[in-house]
Amino acid sequence: MIFELPDARPAVRRARRRHLLLAGATCLGMASTPRLARSQEQPQMAATPTPGPIPTPQDRPYPGTITLRIDATDLDRHIFTAHETIPVSGAGDHVLLFPKWLPGDHSPTGELDKFASLVIRANGQDIAWVRDPVDVYAFHVPVPPSATALELDYQYLSPVASNEGRVAMTSTMLSLQWNNILLYPAGYFTRGITMDASMTLPAGWQFGSGLDVASTAGAVTRFKPVGLNTLVDNPVLAGRNFLREDLAPGAAVPVHLDVAADAPADLAVTPAELGFHRNLVTQAGLLFGSHHYDHYDFLLSLSDELGGIGLEHHRSSENGTGPGYFTDWDRFVAERDLLPHEYTHSWNGKFRRPADLWQPNFNTPEGDTLLWVYEGQTQYWGKVLAARSGLWTRQNGLDEMALMAATYSNGIGRSWRDLEDTTNDPIIAQRRPIPYRSWQRSEDYYDEGALVWLDVDTRLRSLSGGKKSMDDFAHGFFGMNNGSFVTKTYAFADIVSALNAVEPYDWAKFLNTRLYATGPQAPLDGITRGGYRLVFTETESPFQKSAQGLRQFTDLLFSLGVALKGDGTVRAVIWGSPAFKAGIIVGTQIVAVNGVAFDVDTLKQTLKAKAPLDILMKADQHYRSVTVDYQGGLRYPHLERIAGTPAYLDDILAPRR
Numbered sequence: 008m009i010f011e012l013p014d015a016r017p018a019v020r021r022a023r024r025r026h027l028l029l030a031g032a033t034c035l036g037m038a039s040t041p042r043l044a045r046s047q048e049q050p051q052m053a054a055t056p057t058p059g060p061i062p063t064p065q066d067r068p069y070p071g072t073i074t075l076r077i078d079a080t081d082l083d084r085h086i087f088t089a090h091e092t093i094p095v096s097g098a099g100d101h102v103l104l105f106p107k108w109l110p111g112d113h114s115p116t117g118e119l120d121k122f123a124s125l126v127i128r129a130n131g132q133d134i135a136w137v138r139d140p141v142d143v144y145a146f147h148v149p150v151p152p153s154a155t156a157l158e159l160d161y162q163y164l165s166p167v168a169s170n171e172g173r174v175a176m177t178s179t180m181l182s183l184q185w186n187n188i189l190l191y192p193a194g195y196f197t198r199g200i201t202m203d204a205s206m207t208l209p210a211g212w213q214f215g216s217g218l219d220v221a222s223t224a225g226a227v228t229r230f231k232p233v234g235l236n237t238l239v240d241n242p243v244l245a246g247r248n249f250l251r252e253d254l255a256p257g258a259a260v261p262v263h264l265d266v267a268a269d270a271p272a273d274l275a276v277t278p279a280e281l282g283f284h285r286n287l288v289t290q291a292g293l294l295f296g297s298h299h300y301d302h303y304d305f306l307l308s309l310s311d312e313l314g315g316i317g318l319e320h321h322r323s324s325e326n327g328t329g330p331g332y333f334t335d336w337d338r339f340v341a342e343r344d345l346l347p348h349e350y351t352h353s354w355n356g357k358f359r360r361p362a363d364l365w366q367p368n369f370n371t372p373e374g375d376t377l378l379w380v381y382e383g384q385t386q387y388w389g390k391v392l393a394a395r396s397g398l399w400t401r402q403n404g405l406d407e408m409a410l411m412a413a414t415y416s417n418g419i420g421r422s423w424r425d426l427e428d429t430t431n432d433p434i435i436a437q438r439r440p441i442p443y444r445s446w447q448r449s450e451d452y453y454d455e456g457a458l459v460w461l462d463v464d465t466r467l468r469s470l471s472g473g474k475k476s477m478d479d480f481a482h483g484f485f486g487m488n489n490g491s492f493v494t495k496t497y498a499f500a501d502i503v504s505a506l507n508a509v510e511p512y513d514w515a516k517f518l519n520t521r522l523y524a525t526g527p528q529a530p531l532d533g534i535t536r537g538g539y540r541l542v543f544t545e546t547e548s549p550f551q552k553s554a555q556g557l558r559q560f561t562d563l564l565f566s567l568g569v570a571l572k573g574d575g576t577v578r579a580v581i582w583g584s585p586a587f588k589a590g591i592i593v594g595t596q597i598v599a600v601n602g603v604a605f606d607v608d609t610l611k612q613t614l615k616a617k618a619p620l621d622i623l624m625k626a627d628q629h630y631r632s633v634t635v636d637y638q639g640g641l642r643y644p645h646l647e648r649i650a651g652t653p654a655y656l657d658d659i660l661a662p663r664r
């Protein structure tokens with residue numbers, strides 16, 4: 008993507024203690040109080056006991072089953088309340104952990120700041136827990152000798168406004184992510200910790216989840232006990248207005264679409280729209296030749312209130328978009344690769360996972376070096392499957408590839424920073440807004456990574472005379488161990504070996520060149536080898552119009568070099584563009600163009616006429632005029648067919664039979 012919405016999470020500032028109080032008291036009392044002896048001036052402070060070390064996770068079963076009871080009925084206050092019972096044996100320091108490194112986030116994003124009101128008891132008595140002074144996600148609990156279990160009560164204070172994080176509860180729906188509302192014992196692999204979880208929902212609500220239900224009593228649902236890793240990997244979407252559709256009728260392995268919406272009318276899915284989603288399941292099965300779940304649930308929220316999301320899980324995915332996903336079908340075309348992307352992750356990311364992204368628990372740091380496979384190839388397959396299923400037309404797929412190609416066609420940030428280094432961005436920036444994304448780069452392993460895999464696909468086809476492709480790679484690499492849930496890790500050498508098994512070539516050199524090279528040359532070989540070239544015209548594609556409408560901006564990135572909100576506020580600036588050279592930056596507002604009050608359509612007409620641009624800008628309370636040296640007209644990206652060449656791109660986007 009060219010830019011992203013800011014994740015407006017306020018920075019946490021930590022005050023340091025200083026000796027101001029002592030100094031102030033000394034000054035106030037100096038005139039009337041005799042000077043104290045040094046031993047009295049600086050009294051010896053009692054040493055605070057240092058908590059013990061945090062146990063390293065071991066692959067062993069935790070003794071006993073942990074019960075977790077969630078009350079999710081406080082809709083007005085957005086509060087999830089929990090009671091947890093953790094069996095213990097033996098006295099002494101027991102360490103409980105709050106999940107920090109969450110699968111799919113690729114960074115330490117655990118919402119500890121929203122974890123509150125922790126009370127721990129044993130034998131009916133309160134226990135004074137102590138937070139670890141170094142790792143604040145760890146809680147030390149001094150367990151008394153006679154205790155057999157710890158009783159925990161606490162809350163997850165989910166955001167009540169978007170500037171606090173993703174809103175997870177509204178008056179009509181909620182998103183329950185177990186990792187936000189549990190503590191677990193240190194010293195164990197999460198797969199060795201058995202969890203007995205239940206939830207209480209508002210009366211009359213329905214829900215979807217990859218978890219299996221053990222029992223239902225009124226508003227309380229108890230799930231079958233599972234390992235902690237499985238529990239966290241299976242969130243719940245619940246709502247008052249709910250729809251469940253079968254996407255694989257008659258199949259031995261069920262797949263369902265579970266939809267929660269702000270209003271009942273938003274659930275009106277047409278037979279054709281349902282058919283496209285069923286095609287997605289069919290096309291994914293043909294591509295991968297396997298499944299690694301016993302049932303799968305697309306959890307889809309359609310809301311202006313619940314925070315949007317796209318997060319993968321093994322037996323489900325969390326997907327969130329606007330209310331018109333079904334009822335305003337054409338307008339939402341740019342969002343319709345969301346489900347294919349997250350579904351692909353069941354194979355690429357959950358079943359097959361980079362070795363440094365697999366960790367024994369949720370508090371061991373992950374490594375992101377292979378995100379260009381985990382996310383980049385998933386980005387590629389998500390777009391391909393959107394077209395093959397009919398969620399996109401072939402032209403939609405071509406238009407999206409044109410946008411990706413145009414984004415990287417000028418190099419910009421590639422001139423100093425390689426693609427592989429962007430895999431560090433989830434940890435470096437954690438998706439906070441940055442001033443010059445085109446220059447700084449931000450998680451380019453997604454879209455530039457997808458272009459790399461398009462390059463691989465078309466090269467496989469070229470080398471084999473059209474007989475082999477990335478479909479063969481997917482079938483071999485992800486199709487193994489059909490039906491197995493057990494994650495199988497891989498390294499760079501495994502990717503190279505799998506590609507060579509499809510078609511021998513120096514794939515190590517090929518990939519390393521694209522991962523570590525810097526310079527202006529964008530990875531567009533897959534486009535041209537696929538039978539198309541990138542061109543620019545004065546007309547936007549319907550796909551690009553959809554993207555602008557849904558994200559509420561006007562895209563002039565490939566001409567003037569800016570993206571604008573409706574009131575003229577600058578949302579993004581391309582480094583080195585005419586706007587950048589004139590000193591236009593993110594956050595400033597275009598007030599007038601050539602002496603006329605700002606209007607998007609008028610600005611477009613001025614650009615189209617290639618007229619001079621005198622722009623009045625406002626930044627805070629300051630105004631200034633700038634002259635933009637640009638007469639290149641409007642420029643929007645498209646792919647143009649190269650006559651006489653194989654149309655590999657057309658074949659890539661065509662449905663399989």
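Read the sequence shown against the numbering used here and you will find it ends at 664, with the numbers running on by one and no gaps. Ideal placement from N, C-alpha and C gives every residue a C-beta, glycine not left out.
Nearest to residue i (by Cα), restricted to the options the options
i	options	result
P151	V143, Y144, S310, W136	W136
G331	V340, A604, S323	V340
P619	L426, V600, V607, K625	V600
S165	S182, E158, P149, T155	S182
P94	W108, T80, T74	T74
A245	G217, F230, Q213, A255	Q213
G99	H147, L82, T116, A79	H147
P361	D375, F369, T351, V167	D375
V167	D81, A224, T155	D81
E510	P64, G473, D454	G473
G327	T57, F87, V174, F484	V174
W354	T613, H482, A457	H482
P644	D621, I534, D66	I534
Residue i and residue j closer than 8 Å at C-beta
i	j	result
L287	L398	yes
R322	N241	yes
G356	Y381	yes
T634	A604	no
L208	D478	no
G317	L281	no
P347	L309	no
H263	D203	no
E545	K617	no
A268	A193	no
L522	L426	yes
Sequence-distant residues of its chain with Cβ nearer than 6 Å to residue i (five each side left out)
i	result
P110	none
P563	Checking the displayed sequence, the identity of residue 563 turns out to be Leu instead of Pro. Result list for L563: V569, in chain order.
L35	Unreliable placement is indicated for L35, whose pLDDT of 30 sits below 50; the coordinate value is still reported in the next sentence. Nothing listed; no residue qualifies.
L159	E91, I127
S297	G486, N489
L3	A question about residue 3 goes unanswered here, because the residues of the chain that appear run from 8 up to 664.
F10	Confidence at F10 is low in this model, with a pLDDT of 33, below 50, so its placement is unreliable and the value that follows should be read with caution. Excluding sequence neighbours, F10 sits near R444, A579.
D657	none
Buried or exposed (CB count within 10 angstroms, at least 16 for buried), residue i
i	result
R468	buried
E319	buried
V220	exposed
G199	buried
A224	exposed
D513	exposed
T351	buried
R42	Here the model assigns R42 a pLDDT of 39, short of 50, so the residue's position is not dependable, and the following value carries that caveat. R42 should be labelled exposed.
N403	buried
D451	buried
G526	exposed
R712	Limits of the chain in this structure are 8 at one end and 664 at the other, which puts residue 712 out of reach.
Same chain, Cβ closer than 7 Å to residue i, neighbours up to 5 away in sequence not counted
i	result
Q555	T561, D562
Y655	T465, R468, R536, G537, G538
S476	D464, L467, R468
P115	K107, W108
K611	L641
CB contact below 8 Å: residue i versus chain D
i	result
R198	Note that chain D does not occur in the displayed structure, where there is just one protein chain.
Neighbourhood of residue i by C-beta, 8 Å cutoff - its chain only, sequence neighbours within 5 removed
i	result
T400	A394
A272	T334
contact_flag[the segment 272-280, the segment 233-240] where n(CB pairs < 8 Å) is 3 or more = no
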